[in-house]
Amino acid sequence: MKASAFNYARATSVLNALELLVAHGEKAKVLSGGQSLMPALNLRLIYPELVVDIGGLAELRGIAVADNVLTIGALTRHVDLARSPEIAAHAPLLTEAIAHVAHPAIRNRGTIGGSLAHADPASELPACMLALDATIVVRGQAGERRIPAGDFFTGIYETALSAQEILIAVELPIAQRNSVHFFYEFARRHGDYALTGLAAQATVAGGAFTGLRMAYFAVGDRPLLARAAEPLLNAIVTPALLSEASKALAEELDPQDDQQASASMRRHLAKVLMVRCVSALLGRPDLNAG
Ligand code: FAD
Numbered sequence: 006m007k008a009s010a011f012n013y014a015r016a017t018s019v020l021n022a023l024e025l026l027v028a029h030g031e032k033a034k035v036l037s038g039g040q041s042l043m044p045a046l047n048l049r050l051i052y053p054e055l056v057v058d059i060g061g062l063a064e065l066r067g068i069a070v071a072d073n074v075l076t077i078g079a080l081t082r083h084v085d086l087a088r089s090p091e092i093a094a095h096a097p098l099l100t101e102a103i104a105h106v107a108h109p110a111i112r113n114r115g116t117i118g119g120s121l122a123h124a125d126p127a128s129e130l131p132a133c134m135l136a137l138d139a140t141i142v143v144r145g146q147a148g149e150r151r152i153p154a155g156d157f158f159t160g161i162y163e164t165a166l167s168a169q170e171i172l173i174a175v176e177l178p179i180a181q182r183n184s185v186h187f188f189y190e191f192a193r194r195h196g197d198y199a200l201t202g203l204a205a206q207a208t209v210a211g212g213a214f215t216g217l218r219m220a221y222f223a224v225g226d227r228p229l230l231a232r233a234a235e236p237l238l239n240a241i242v243t244p245a246l247l248s249e250a251s252k253a254l255a256e257e258l259d260p261q262d263d264q265q266a267s268a269s270m271r272r273h274l275a276k277v278l279m280v281r282c283v284s285a286l287l288g289r290p291d292l293n294a295g
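See below:
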């Protein structure tokens, strides 16, 4: 199919893009890498009057480290994340996760800002933002807002961004020396969207977690932290504790049936991932023995 007719504007600056968005209200759409927007246009799932292409704005591209914060510009492409030594050193969870996002051709154009603004609940990067306790930086004509990742994703393809705002960057606290991470997703084929996935980061001291953030994806309408299970595991983990955390996890998740997998299968996979994650991060194969 072909997209319905729309006007196209290539923004010359963030300010210019914001002016265009304000002038057209809900009828304008931002274009970054186009890897989700173009299919949606071509399938006629959306009918914007105007597409505002921000792809040429160099100010929104790049990775910087300062004051223990890793800042990633919205237009930084997936391939740039994958190859970045700064990301590998300070947010290695992202380096691992990005290899599971789609295929090389898509990673060559897709951007982190586009992925987060698109907010597919089965996407890897939104869950990583939760696990890493990121702050999402958005700009409107009134100025910038900094939104914790936990408040940014509000539903299926829905975020706290208004139609007159642009996501400009994400900020991540840099990984501590004793921090460990885990990433795994079940997918029918490598590069497909996940059936169920888990991105986690923790600090470990004395054989126990001192801070564990387990962010699930593809098990609800948005990425979700395992808020009930996590505190149970911030201790010396025993099989009994793990089993209690597993039950808490199953109760807090609300996956749906779809063509890819049933809700009960997703819930089961989420529990399997939690056991693998805890066992791997603590170096305790005994916990994964059953
Ligand atoms: P675009 O397509 O340009 O935009 C996506 C949406 O975000 C649009 O609504 C747009 O208006 C909005 N937007 C974009 N940038 C901004 C901004 N800076 N501020 C405000 N709004 C903005 N993704 C995964 O996570 N995992 C996968 O396994 C996966 N598999 C894929 C397989 C295929 C075949 C395809 C085509 C895509 C797949 N994707 C997958 C999606 C891909 O990662 C996209 O790159 C990503 O979702 C969107 O990034 P983009 O830069 O292309 O955004």
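Everything in the sequence shown is counted per this note's numbering, starting at 6 for the first residue and increasing by one. In this text, a Cβ means the ideal position worked out from N, Cα and C, and glycines have one as well. Predicted model, so just to flag it, every value in this text is computed and none were measured.
On a Cα-Cα basis, can you pick out the residue from the options that is closest to residue i?
| i | options | result |
| --- | --- | --- |
| G78 | H123, S37 and A231 | S37 |
| V280 | S251, A268, A8 and Q264 | S251 |
| P260 | A213, Y221 and A240 | Y221 |
| A110 | A205, V84 and L23 | V84 |
| T243 | M219, F157, A165 and A294 | A294 |
| R193 | G145, L99, Q265 and L286 | Q265 |
| T215 | P290, V283 and E91 | V283 |
| L23 | I241, A231 and A147 | A147 |
| L217 | I241, L292, L200 and A16 | I241 |
| M134 | N12, K7, G145 and L98 | L98 |
| G196 | L247, R112 and T17 | R112 |
| N21 | P290, G145, A231 and A213 | G145 |
Between the C-alpha atoms of residue i and residue j, what's the straight-line distance to the nearest angstrom?
| i | j | result |
| --- | --- | --- |
| V27 | A45 | 22 Å |
| G160 | L229 | 11 Å |
| R271 | L48 | 28 Å |
| R114 | G39 | 7 Å |
| G61 | A14 | 11 Å |
| N239 | S267 | 30 Å |
| R150 | L65 | 16 Å |
| D262 | V185 | 32 Å |
| A210 | E163 | 37 Å |
| L166 | A63 | 21 Å |
| H108 | F191 | 16 Å |
| H273 | E257 | 13 Å |
| A199 | F11 | 32 Å |
| G155 | K7 | 36 Å |
| V106 | S89 | 16 Å |
| A245 | P290 | 15 Å |
| G288 | L121 | 32 Å |
| G212 | A231 | 21 Å |
| M43 | Y189 | 28 Å |
Spatial neighbours of residue i within its chain, please: C-beta separation below 7 Å, excluding the five flanking residues on both sides.
| i | result |
| --- | --- |
| S41 | G119 and H123 |
| A253 | A233, A234 and L237 |
| S9 | R49 and Y52 |
| Q181 | T208 |
| F158 | A124, P131, T164, R227 and P228 |
| S269 | none |
| I92 | I68, L86, L99 and T100 |
| N183 | T208, V209 and A210 |
| Y16 | Note on identity: in this sequence residue 16 is Ala, with Tyr being the wrong assignment. Here the set comprises A22, L25, V57, D58, I59 and L62. |
| H29 | E54 and L55 |
Pop quiz: residue i and residue j are said to be a contact at Cβ under 8 Å. What is the actual Cβ separation, rounded to whole angstroms?
| i | j | result |
| --- | --- | --- |
| I171 | V19 | 6 Å |
| G202 | A132 | 7 Å |
| A207 | L137 | Contact flag wrong, Cβ pair sits at about 11 Å. |
| T140 | P126 | Actually they are not in contact, since the Cβ atoms of T140 and P126 sit about 20 Å apart, beyond 8 Å. |
| V224 | A255 | Actually they do not touch by this definition, with Cβ atoms about 10 Å apart. |
| I117 | T81 | 5 Å |
| A87 | E129 | Rounded, the Cβ-Cβ distance is 12 Å, inconsistent with contact. |
| L292 | L247 | 6 Å |
Counting only the same chain and skipping the five closest in sequence on each side, list residues whose C-beta sits under 6 Å from that of residue i.
| i | result |
| --- | --- |
| V74 | E176 |
| T76 | A69, A174 and E176 |
| K34 | P53 and V56 |
| V143 | R150, L166, E170 and L172 |
| I179 | N73, L75 and H95 |
| A168 | E31 |
| A205 | A136, F187, M219 and C282 |
Can you name, in chain order, every residue of its own chain whose Cβ lies under 8 Å from the Cβ of residue i, other than the five neighbours on each side?
| i | result |
| --- | --- |
| K32 | P53, E54 and L55 |
| E249 | L237 |
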